Amino acid sequence: MQWIILIGDETFNIDSVHKIKYFGASTVSSVENNRFVVDYGEEHVFYDFSESIINDYEFEELQKIPFRNPRFIMMIYKSKELMKKILSQDNFIRDIYIDDDHGTILPIEEYILTFQIEK
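Residues in the sequence shown are numbered from 0 upward in steps of one, following numbering that gives the first Met the number 0.
Shown next, in the form of structure tokens:
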């Protein structure tokens, strides 16, 4: 499994991501209070909200995040192509940042542009 971290302001929470209509998904189910799964048949994506993720960040990394009280949701996936498709949906949340867990923290719009460069 791979993951990225979705980073938003203090209004960003698991419900913000849970209420999105996921194109091509067969079901969206709560697993625990701060965790849910989007099932695409053979593929699935988990979303986990945790207040403790901030403790994993170095000071320099936090400086890249423009939110005073950031909230973090881990997006756990197997298929990078599916992750790209989800983030690129026109109804996916904007005004958030993406941490790719490889040193890159970018606004989602800029992160999506990196998909074109990878091709």
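Where is the CB? At the ideal position from N, CA and C, for every residue including glycine.
As the structure is a computational prediction, the values presented were derived from the model and not from experiment.
An exposed status is given to residue 116, since fewer than 16 other beta-carbon atoms sit within 10 Å of its beta-carbon. When the beta-carbon positions are compared, residue 39 and residue 25 come within less than 8 Å of each other.
Look at residue 71 here: in three-state DSSP terms it is strand. Between residue 3 and residue 100, the beta carbon gap of about 6 Å places them in contact (Cβ cut-off 8 Å). Along the segment 3–38, the alpha helix (DSSP H) occurs as fully enclosed runs of 4 or more residues at 13–17, listed in sequence order. Per DSSP, the beta bridge partners of residue 48 are 72. For residue 43, the beta-bridge partners assigned by DSSP are 38.
In this structure the segment 0–16 touches the segment 68–79; the number of beta carbon pairs closer than 8 Å is three or more. Classified as exposed, residue 61 has fewer than 16 neighbouring CB atoms from the shown chains inside 10 Å of its CB.
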